[in-house]
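Chemist:
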Amino acid sequence: MPSLRSAVSLALLLAIPSVANAGPVKDHQGRWLGDMVIPKGPILKIGAEFYTRADGSLWASIASPDQGAYDQPVSKVEDDGDTVLLDLNVATLKLTWAKDHFDGVFSQGGRSFSFPLHRVAEYPRKPRAQTPKGPFPYSEQELNFTAPDGIVLSATLTTPRGVVRPNLAVLVTGTGPATRDSDVAGHQQFRVMADYLARQGIAVLRYDKRGNGRSTGDYAQLTTSQLVGDLGAIMKGMDGRKEFGRIGIVGLSEGPGIAAAVAARAPRTVDFIVSLAGVGLSGHELILLQDRLVAKDNGAAPAEVERLMGYVRAWYETILAHAEPQPRMAALKALYAGLPAEDRALVEKYEMNVGSLSRTEAEKPHLRTMLLQNPQMDWRKVKVPVLALNGSLDHQVPAEENLAGITRALKAGGNRRVESKVMPSLNHLFQTAKTGNTNEYDKIEETIAPEALARIAAFVKQQR
């Protein structure tokens, strides 16, 4: 997901992976899809995929195509040969082999839903105009990189044909579980971007975040320093490859901050940075801005917003005050229990209890790490050319405040090779939008605005 705070309507899609020993699911590798009927509710297509990760281990992911959610990792896979149990932290999906299909049972909160799943070549997707179509004037190669702690990162290198020493852009996703295509709300952002840039003569490398897709690792225990180490390992691995010209980073949301950290620590491996919806405020400042916008977007009146923000501030202050999970969770439970009934009703009504305001996320180290983070410290050390773009309708990383923070930090560090722009009518995903609300993402046909793609390509190509 591309922001510090995100919500998905189906609870199973909020599961975060952790390392566990997968059983022998090799006979069931591939995609499986079925219709889950919810009484007095919708019929949801639910998919499960079994695959081999970069280190040769077997793993699984979940998909909910009707919600535009794909490649959502599970926390544990147990397989006794005939029955596969996928642990989703908040739910389970039990799959029992029945000759040529799986009989599935999804269980959550004391309720269970049974449905068959059959093998499919691909999951259904909404047709998107920018989805890449052949013929493709480029080649693709699978690569693996080893992070400092031994985690294996799986990547795709796209190289335009007929171009001598093209510049190379390494794509870095935003917050949340993400594979190399950066699949958000049914849009494959990085697949579209890689296709466009390659057609413009630019090589592209995109990778699965640790614990996602074919990359190994424990996403549940992820820290920002691990993300920096992962990207640093990739940049070091590509550094010195003589078939490429300048090698830089294109990051979205949290991605630019990770790029800045790598450029600050290993400046010789990064030749340029493109910051898309980059963060220029401290994590604490940003998340408060985000939650205020969410409350407004969800329909809260001005007086209600202020009451909600009192609770939100207390929530994050409690997280910051407790470094260890157990006392932190006890304090958060007490905080919520101590709210007046009217305030608890507001929290429920306006969904101020999901994403970073949920107990599930509060227990993980990454949220607290992000709250403590101040990307300006790294931006001040970045000396390479930077293109910083933010959308005027971004409700997740508000444009004016964050772009000002980035450019101010760069200039304070003496970097004058900076281009910046607030792009009108673009949301957090750089789609042309009406309101910028997150519920528009899957309704918009456009994956990335052509003017944004053109601006990125022009900047990368001009690096010499």
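Those letters in the sequence shown? Residues -22 to -1, 1 to 442, per mature numbering (1 follows the signal peptide of the UniProt record, and there is no 0), in order.
Ideal Cβ positions, reconstructed from N, Cα and C, are used throughout, including at glycine.
Nothing here was measured: the structure is a model prediction, and the numbers come from that model.
1. By the three-class DSSP mapping on this structure, what secondary structure does TYR294 have?
2. ASN380 lies in the alpha helix (DSSP H); which residues open and close that run?
3. Please find out if some non-hydrogen atom of the ligand ADP comes closer than 7 angstroms to the beta-carbon of PRO138.
4. Buried or exposed for PRO428, going by 16 or more other Cβ atoms inside 10 Å?
5. Which class does PHE168 belong to by DSSP, given the choice of helix, strand or coil?
6. Excluding the five sequence neighbours on either side, which residues of its own chain have a C-beta within less than 6 angstroms of the C-beta of LEU254, listed in chain order?
7. Determine the DSSP secondary structure at LYS304, reduced to helix, strand or coil.
8. Measuring CB to CB, does THR134 end up less than 8 angstroms from ALA176?
9. Which of helix, strand or coil does DSSP assign to PHE437?
10. DSSP on GLU97, reduced to helix/strand/coil?
11. Going by C-alpha to C-alpha distance, which of SER92, VAL438, ALA69 and GLY87 sits closest to LEU11?
12. Ignore the nearest five residues each way along the sequence and tell me which others in LEU266's own chain have a CB closer than 8 angstroms to its CB.
13. Can you list, in chain order, the residues of its chain whose CB lies under 8 angstroms from that of LYS439, leaving out five sequence neighbours each side?
14. With DSSP as the reference, identify every bridge partner of SER117, one or two as the case may be.
15. Based on the DSSP output, what are the partners of ASN368 in its beta bridges?
16. Along the chain, where does the alpha helix (DSSP H) containing LEU146 start, and where does it finish?
17. What three-state label does DSSP hand ILE212 in the structure shown?
18. Taking its Cβ as the centre, do 16 or more other Cβ atoms sit within 10 Å of GLN7, making it buried, or is it exposed?
19. Based on Cα-Cα distance, which residue from GLY25, PHE408 and GLY256 lies nearest to HIS96?
20. Considering Cα atoms alone, identify which of TYR197, ALA238, THR385 and ARG192 is closest to GLY210.
21. Quick check: what's the CA-CA separation for ALA436 versus ALA430?
22. Whose C-alpha, out of PHE168, PRO280, VAL148 and THR201, is nearest the C-alpha of GLY223?
23. For LYS111, which option in VAL142, VAL83 and ARG169 has the closest C-alpha, if you only look at C-alpha atoms?
24. Taking Cβ to Cβ, would you say GLU424 is nearer than 8 angstroms to THR413?
25. Among the residues of its own chain, which have a CB less than 7 angstroms from the CB of PRO363, if the five just before and after it don't count?
26. Terminal residues of the continuous beta strand (DSSP E) containing MET14?
27. Around the C-beta of ILE426, are 16 or more other C-beta atoms found within 10 angstroms, so that it is buried, or is it exposed?
28. ARG192 to THR151, Cα distance in whole Å?
29. With a threshold of 16 other CB atoms inside 10 Å of the CB of residue 445, please say whether the residue is buried or exposed.
Modeler: According to the structure shown:
1. Here residue 294 refers to the residue found at position 316 when the sequence shown is read from its first residue. Correct three-state label for TYR294: helix.
2. Within the sequence shown, numbered from 1, the residue matching residue 380 stands at position 402. Its alpha helix (DSSP H) spans residues 377 to 390.
3. In terms of ligand content, the structure shown is empty, and the ligand ADP therefore cannot be addressed.
4. Stepping through the sequence shown from its first residue, residue 428 is reached at position 450. So PRO428 counts as exposed.
5. Taking the sequence shown and counting its residues from 1, the one referred to as residue 168 is at position 190. Three-state DSSP puts PHE168 in a helix.
6. Here residue 254 corresponds to residue number 276 of the sequence shown, with the count starting at 1. Exclusion of the five residues before and after LEU254 leaves LEU230 and LEU367 as the residues of its chain whose Cβ lies within less than 6 angstroms of its Cβ.
7. Within the sequence shown, numbered from 1, the residue matching residue 304 stands at position 326. A small correction: the amino acid at residue 304 is Gln; Lys does not occupy that position in the sequence shown. Here GLN304 sits in helix by DSSP.
8. Within the sequence shown, residue 134 is the residue found at index 156, counting from 1. Within the sequence shown, residue 176 is the residue found at index 198, counting from 1. Not a contact, by the Cβ cut-off of 8 angstroms.
9. As a working note, residue 437 is residue 459 in the sequence shown. Looking at PHE437 - three-state DSSP - the assignment turns out to be helix.
10. As a working mapping, residue 97 is identified with position 119 in the sequence shown. Checking the displayed sequence, the identity of residue 97 turns out to be Arg instead of Glu. Correct three-state label for ARG97: strand.
11. Numbered from its first residue, the sequence shown carries residue 11 at position 33. Checked all of SER92, VAL438, ALA69 and GLY87; the closest Cα to LEU11 is SER92.
12. By 1-based counting over the sequence shown, the position of residue 266 is 288. Taken in chain order, the residues that qualify are MET287, VAL290, ARG291 and TYR294.
13. In the sequence shown, counting from the first residue as 1, residue 439 sits at position 461. Here the set comprises ASN145, GLN178, GLY179 and ILE180.
14. Against the sequence shown, residue 117 aligns to sequence position 139. SER117 is bridged to THR137.
15. Position 390 of the sequence shown, counting from 1, holds the residue named residue 368. Paired residue(s): VAL400.
16. The count along the sequence shown starts at 1 and reaches residue 146 at position 168. LEU146 -> not in any alpha helix (DSSP H); beta strand (DSSP E) instead, spanning 146 to 150.
17. As a first step, residue 212 is located in the sequence shown; it is residue number 234 there, counting from the start. Of the three classes helix, strand and coil, the one that applies to ILE212 here is helix, per DSSP.
18. As a first step, residue 7 must be located in the sequence shown, where it is residue number 29. Exposed: under 16 other Cβ atoms inside 10 Å.
19. Here the question's residue 96 lines up with position 118 in the sequence shown. Of the candidates GLY25, PHE408 and GLY256, the residue whose Cα lies closest to the Cα of HIS96 is GLY25.
20. The count along the sequence shown starts at 1 and reaches residue 210 at position 232. It is ALA238.
21. The residue labelled residue 436 in the question sits at position 458 within the sequence shown. The residue labelled residue 430 in the question sits at position 452 within the sequence shown. ALA436 and ALA430: Cα-Cα distance of roughly 10 angstroms.
22. In the sequence shown, the residue the question calls residue 223 occupies position 245. The shortest C-alpha separation from GLY223 is found at VAL148.
23. Taking the sequence shown and counting its residues from 1, the one referred to as residue 111 is at position 133. If we check each option's Cα against that of LYS111, ARG169 comes out closest.
24. In the sequence shown, counting from the first residue as 1, residue 424 sits at position 446. In the sequence shown, counting from the first residue as 1, residue 413 sits at position 435. Taking 8 angstroms as the cut-off, the beta carbon of GLU424 is found no closer than this to the beta carbon of THR413.
25. Against the sequence shown, residue 363 aligns to sequence position 385. Closer than 7 angstroms at Cβ, skipping near neighbours: PHE250, ARG395 and GLN441.
26. Numbered from its first residue, the sequence shown carries residue 14 at position 36. Per DSSP, MET14 belongs to the beta strand (DSSP E) from 8 to 15.
27. Residue numbering aside, residue 426 sits at position 448 when the sequence shown is read from its first letter. ILE426 should be labelled buried.
28. Translated into the one-based positions of the sequence shown, residue 192 becomes position 214. Translated into the one-based positions of the sequence shown, residue 151 becomes position 173. Their backbone Cα atoms lie some 15 angstroms apart in a straight line.
29. What the structure shows of the chain is the stretch from -22 to 442, and residue 445 is not part of that stretch, so it cannot be assessed.
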